[in-house]
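Novice: Below is a structure I'd like to ask you about.
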Amino acid sequence: MSILFTIFALAACLGAVAVVISQSMARMAFWLVVSLGSTAGLFFLADADFVAAAQLLIYVGGTLVLLVFGVMLTASGPYLKIQTSPAETVVAGLIGLLFLFMVFATVSGVDWEGTKTKMLAENGQSTPTEKFDDQSEGDTLRPLGLALLGVRPDSPNSPGYLLPFEIASVHLLVVLIGAAYLARAKRRGDGS
Amino acid sequence: MQPDLTSYLLVGAVLFVCGVVCMATKRNGIGVLMGVELVLNGANVNFVAFSKYTALGLDGQVFSLFVIVLAAAEAAVALAIALNFYNNHLTIDVDRANKLKG
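Residue numbers (the working numbering), protein chains in the order written: chain A, 1 to 192; chain B, 1 to 102.
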């Protein structure tokens with residue numbers, strides 16, 4: 001468990017760092033695949049099997065393919081490289097390191113266990129998520145589906161997510177139409 | 001050492017900071033998009049970790065699902081804008097996108 005966590009965490013972090021420092025767009029896309037895939041592994045380790053599967057399907061399988069298409073469609077000349085100047089890179093790296101230390105200090109400084117016990121004392125102990133016998137179904141699939149339909153059998157005090165689900169579906173339709181409208185083929189120079 | 005909440009949060013922090021630095025330093029528009037994906041992914045790691053280790057319960061996973069869906073939608077629209085920009089300017093350099101400058 002901890003060995004797997006270490007492997008996935010290191011792959012995710014090193015992949016993210018490699019995305020920042022690599023110059024070629026294709027390599028950036030590859031390291032992004034490594035980082036996002038390892039993050040899906042972290043989700044599996046955190047008992048979020050459906051979220052991990054959705055991450056693999058949508059992010060690694062869909063969004064990354066979209067980004068790679070973008071890289072290929074907007075490829076500039078073979079010798080033209082868009083690079084930042086070294087001074088800007090150094091300054092950005094320093095600011096990034098400072099930001100990272102600040103976030104690390106903040107995360108390490110919070111007493112998460114005390115916060116959890118206080119939350120439980122104020123809101124009452126939530127009932128444990130009921131498990132299902134069919135192991136091929138996973139533990140989170142049915143509660144997640146019910147939550148998206150607005151029913152919360154696992155914790156009755158929590159809200160349902162029917163309205164955000166519907167808003168997300170309409171949003172996806174709008175995005176589909178908008179992206180098709182923006183990226184439609186047209187002759188260059190006929191006045192936008 | 002079993003993984004605990006703090007280690008998940010540290011991984012999320014590394015992803016977030018790498019995404020922010022990527023957004024700030026890359027001059028290629030698609031590179032900026034990849035930075036945005038990294039930032040959203042770091043937020044997702046935090047959501048799932050809080051869903052496992054605190055009293056948040058299943059809501060964290062629902063929120064991370066919404067983040068994944070919205071990230072896909074954002075990538076589609078931003079890519080369409082980038083393609084449009086490339087058709088008009090024959091480059092994807094974001095420093096050249098200064099038409100709206102007063």
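Glycine included, every Cβ here is placed at the ideal spot set by N, Cα and C.
What number of angstroms, rounded off, separates the C-alpha of valine 170 of chain A from the C-alpha of alanine 105 of chain A?
Specialist: Along the first sequence, read from residue 1 onward, the residue named residue 170 of chain A stands at position 170. Along the first sequence, read from residue 1 onward, the residue named residue 105 of chain A stands at position 105. Approximately 40 Å, taken between the alpha carbons.
Novice: Say whether chain B places a C-beta atom closer than 9 Å to the C-beta of arginine 27 of chain A.
Specialist: Counted from its first residue, the first sequence places residue 27 of chain A at position 27. No, arginine 27 of chain A does not count as interfacial toward chain B.
Novice: Listed in chain order, which residues of the region 142–155 of chain A have Cβ atoms closer than 9 Å to some Cβ of chain B?
Specialist: Cβ contacts with chain B: Pro143, Leu144, Ala147, Leu148, Arg152, Asp154 and Ser155.
Novice: Would alanine 95 of chain A count as contacting chain B if we go by Cβ distances under 9 Å?
Specialist: The residue you call residue 95 of chain A lines up with position 95 of the first sequence. One detail in the question is off: residue 95 of chain A reads as isoleucine in this sequence, not alanine. Closer than 9 Å: yes.
Novice: Can you tell which of B/Leu33, B/Gly57 and B/Asn46 has its C-alpha closest to the C-alpha of glycine 19 of chain B?
Specialist: Here the question's residue 19 of chain B lines up with position 19 in the second sequence. Selected option, being the one with the closest Cα: B/Leu33.
Novice: Determine the closest residue to alanine 87 of chain A out of B/Phe16, B/Leu15, B/Thr25 and B/Thr6, with distance taken between C-alpha atoms.
Specialist: By one-based count along the first sequence, residue 87 of chain A stands at place 87. Measuring from the Cα of alanine 87 of chain A, the nearest candidate turns out to be B/Thr25.
Novice: With the cut-off set at 9 Å, would you say alanine 183 of chain A and alanine 71 of chain B are in Cβ contact?
Specialist: By 1-based counting over the first sequence, the position of residue 183 of chain A is 183. By 1-based counting over the second sequence, the position of residue 71 of chain B is 71. The answer is no: Cβ separation not under 9 Å.
Novice: Put aspartate 93 of chain B into one of helix, strand or coil per three-state DSSP.
Specialist: Within the second sequence, residue 93 of chain B is the residue found at index 93, counting from 1. Residue state, collapsed to three classes: strand.
Novice: Please list, in chain order, all residues of the same chain as leucine 15 of chain B whose beta carbon is under 8 Å from its beta carbon, the five residues on each side excluded.
Specialist: The residue given as residue 15 of chain B occupies position 15 in the second sequence. Only Leu38, Val39, Asn41, Gly42 and Val45 meet the Cβ criterion.
Novice: List the endpoints of the continuous alpha helix (DSSP H) containing alanine 183 of chain A.
Specialist: Position 183 of the first sequence holds residue 183 of chain A. From DSSP, alanine 183 of chain A is part of no alpha helix (DSSP H); its letter is neither H nor E.
Novice: Bridge partners of asparagine 28 of chain B, per DSSP?
Specialist: Your numbering for residue 28 of chain B matches position 28 in the second sequence. DSSP lists B/Asp93 as partners of asparagine 28 of chain B.
Novice: Relative to the alpha-carbon of leucine 163 of chain A, which residue among A/Pro153, A/Leu176 and A/Ala147 has its alpha-carbon at the smallest distance?
Specialist: Here the question's residue 163 of chain A lines up with position 163 in the first sequence. Among A/Pro153, A/Leu176 and A/Ala147, the Cα nearest to that of leucine 163 of chain A belongs to A/Ala147.
Novice: Shorter than 9 Å from the beta carbon of lysine 52 of chain B to some beta carbon of chain A?
Specialist: Here residue 52 of chain B corresponds to residue number 52 of the second sequence, with the count starting at 1. It does; some Cβ of chain A falls within 9 Å.
Novice: Is the Cβ-Cβ distance between phenylalanine 63 of chain B and phenylalanine 47 of chain B less than 9 Å?
Specialist: For the purposes of this step, residue 63 of chain B is taken as the residue at position 63 of the second sequence. For the purposes of this step, residue 47 of chain B is taken as the residue at position 47 of the second sequence. The answer is yes: Cβ separation under 9 Å.
Novice: Strictly below 7 Å CB to CB, what residues from chain B border proline 164 of chain A?
Specialist: Taking the first residue of the first sequence as 1, we reach residue 164 of chain A at position 164. Those within 7 Å of proline 164 of chain A in chain B are Phe66.
Novice: So, helix, strand or coil for glycine 150 of chain A, using DSSP?
Specialist: Position 150 of the first sequence, counted from the start, is the residue given in the question as residue 150 of chain A. Here glycine 150 of chain A sits in coil by DSSP.
Novice: When you compare the region 17–25 of chain A with the region 1–8 of chain A, are there three or more beta-carbon pairs, one atom per stretch, that lie closer than 8 Å?
Specialist: No, the region 17–25 of chain A is not in contact with the region 1–8 of chain A.
Novice: Skipping 5 residues on each side, what residues in its chain have a beta carbon closer than 7 Å to that of valine 71 of chain A?
Specialist: Within the first sequence, residue 71 of chain A is the residue found at index 71, counting from 1. For valine 71 of chain A, where only same-chain residues beyond five positions count, the Cβ hits under 7 Å are Met25, Ala26 and Ala29.
Novice: Put leucine 98 of chain A into one of helix, strand or coil per three-state DSSP.
Specialist: Your numbering for residue 98 of chain A matches position 98 in the first sequence. Helix at leucine 98 of chain A.
Novice: Assign methionine 28 of chain A to one of three DSSP states: helix, strand, or coil.
Specialist: On the first sequence, residue 28 of chain A is found 28 positions in, with the first residue counted as 1. Helix at methionine 28 of chain A.
Novice: State the Cα-Cα distance for the pair alanine 55 of chain B and alanine 78 of chain B, rounded to the nearest angstrom.
Specialist: Taking the first residue of the second sequence as 1, we reach residue 55 of chain B at position 55. Taking the first residue of the second sequence as 1, we reach residue 78 of chain B at position 78. Cα to Cα, alanine 55 of chain B sits roughly 36 Å from alanine 78 of chain B.
Novice: Answer yes or no: does any C-beta atom of chain B fall closer than 9 Å to that of isoleucine 58 of chain A?
Specialist: What you label residue 58 of chain A is simply residue 58 of the first sequence in a count that begins at 1. At least one chain B Cβ lies under 9 Å of isoleucine 58 of chain A.
Novice: Between lysine 99 of chain B and chain A, is there a C-beta pair that is closer than 9 Å?
Specialist: For the purposes of this step, residue 99 of chain B is taken as the residue at position 99 of the second sequence. With 9 Å as the cut-off, lysine 99 of chain B does not count as an interface residue toward chain A.
Novice: Please confirm whether threonine 63 of chain A and alanine 75 of chain B have their CB atoms less than 9 Å apart.
Specialist: Taking the first residue of the first sequence as 1, we reach residue 63 of chain A at position 63. Taking the first residue of the second sequence as 1, we reach residue 75 of chain B at position 75. Yes, the Cβ-Cβ distance between threonine 63 of chain A and alanine 75 of chain B is below 9 Å.
Novice: Can you tell me whether threonine 74 of chain A is buried or exposed? The criterion is at least 16 other CB atoms within 10 Å of its CB, across all chains shown.
Specialist: Translated into the one-based positions of the first sequence, residue 74 of chain A becomes position 74. Burial call: buried.
Novice: Could you have a look at alanine 84 of chain A and say whether DSSP puts it in helix, strand or coil?
Specialist: Position 84 of the first sequence, counted from the start, is the residue given in the question as residue 84 of chain A. The amino acid occupying residue 84 of chain A in the given sequence is threonine; alanine does not appear at that position. Looking at threonine 84 of chain A - three-state DSSP - the assignment turns out to be coil, as it is neither helix nor strand.
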